[in-house]
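To start, the structure under review is shown below, and the notes come after it.
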Amino acid sequence: MSKVDGIFSILPRFEGEGSLELFLNNESLVVLDGLKYAKQGGVHISGASALARVTTLAGTTLGNSTLAYVTGSAGRYEGTFSVITSLVEGTEYVLKVSAISSGNTIGFWQHRLIATYRRD
């Protein structure tokens, strides 16, 4: 079991449901929700910093976002990716999210995303 728990999603910046798709020609909101210490009774973490980046499968970084703690939340961090113009429809990318506290990485998530146009 890891020391921290959390759930993340990537969303269209202004509307829409959670997804593991990366929408072309859209800003995207990245959410790390419920960041907490698993071994300390589930205490939510409010003092960490969180970073997200989109990379190619080969590891080239295409976009970065700093996720800020949402004041008064239960371990929720949010950040925005600007439009990443180099995305290609149907191509797979990797979203990497790190939670950092006192200079140490306390959590790391990595998921593959597919670049696509938003549907109606």
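Numbered according to our numbering, the sequence shown spans residues 624 to 743.
Beta carbons: idealized from backbone N, C-alpha and C, even for Gly.
Looking at residue 688 and residue 703, is the spacing between their C-beta atoms short of 9 Å?
Locating residue 703 in the sequence shown gives position 80, counting from the first residue. Locating residue 688 in the sequence shown gives position 65, counting from the first residue. Remark: C-beta atoms of residue 703 and residue 688 approach each other more closely than 9 Å.
Does the beta-carbon distance from residue 722 to residue 668 come in below 9 Å?
One-based indexing of the sequence shown puts residue 722 at position 99. One-based indexing of the sequence shown puts residue 668 at position 45. In this structure, residue 668 lies closer than 9 Å to residue 722 by Cβ.
Does the stretch 724–731 come into contact with the stretch 680–700, if we say contact requires no fewer than three beta-carbon pairs (one atom in each stretch) closer than 8 Å?
Touching, no.
Three-way DSSP call (helix, strand, coil) for residue 644 in this model:
As a working note, residue 644 is residue 21 in the sequence shown. In this structure, residue 644 counts as strand in the three-state DSSP scheme.
Candidates 736, 666, 710, 734: closest to residue 685 by CA position:
For the purposes of this step, residue 685 is identified with residue 62 of the sequence shown, where counting begins at 1. Comparing Cα-Cα distances from residue 685 to each of 736, 666, 710, 734, the minimum goes to 710.
Element boundaries [beta strand (DSSP E), containing residue 707]
Looking up residue 707 in the sequence shown gives position 84. It is not in any beta strand (DSSP E) - residue 707 carries neither H nor E in the DSSP assignment.
If you draw a straight line from the alpha carbon of residue 697 to that of residue 656, how long is it in whole angstroms?
Your numbering for residue 697 matches position 74 in the sequence shown. Your numbering for residue 656 matches position 33 in the sequence shown. A straight-line Cα-Cα distance of about 8 Å links residue 697 and residue 656.
Ordered along the chain, which non-local residues of its own chain (more than five positions away) have a Cβ less than 8 Å from that of residue 699?
Translated into the one-based positions of the sequence shown, residue 699 becomes position 76. Around residue 699: 654, 655, 656, 657, 658, 692, 693.
Buried or exposed for residue 666, going by 16 or more other Cβ atoms inside 10 Å?
The residue given as residue 666 occupies position 43 in the sequence shown. It is exposed - the Cβ of residue 666 has fewer than 16 other Cβ atoms within 10 Å.
Taking the DSSP output, what are the residues bridged to residue 720?
Mapped onto the sequence shown, residue 720 falls at position 97. Per DSSP, 675, 732.
Inter-residue spacing [alpha-carbon to alpha-carbon] between residue 647 and residue 712:
Walking along the sequence shown from the start, residue 647 turns up at place 24. Walking along the sequence shown from the start, residue 712 turns up at place 89. Going from the Cα of residue 647 to the Cα of residue 712 covers about 7 Å.
Is DSSP giving residue 664 helix, strand or coil here?
Numbered from 1 along the sequence shown, position 41 holds the residue referred to as residue 664. Three-state DSSP puts residue 664 in coil, outside helix and strand.
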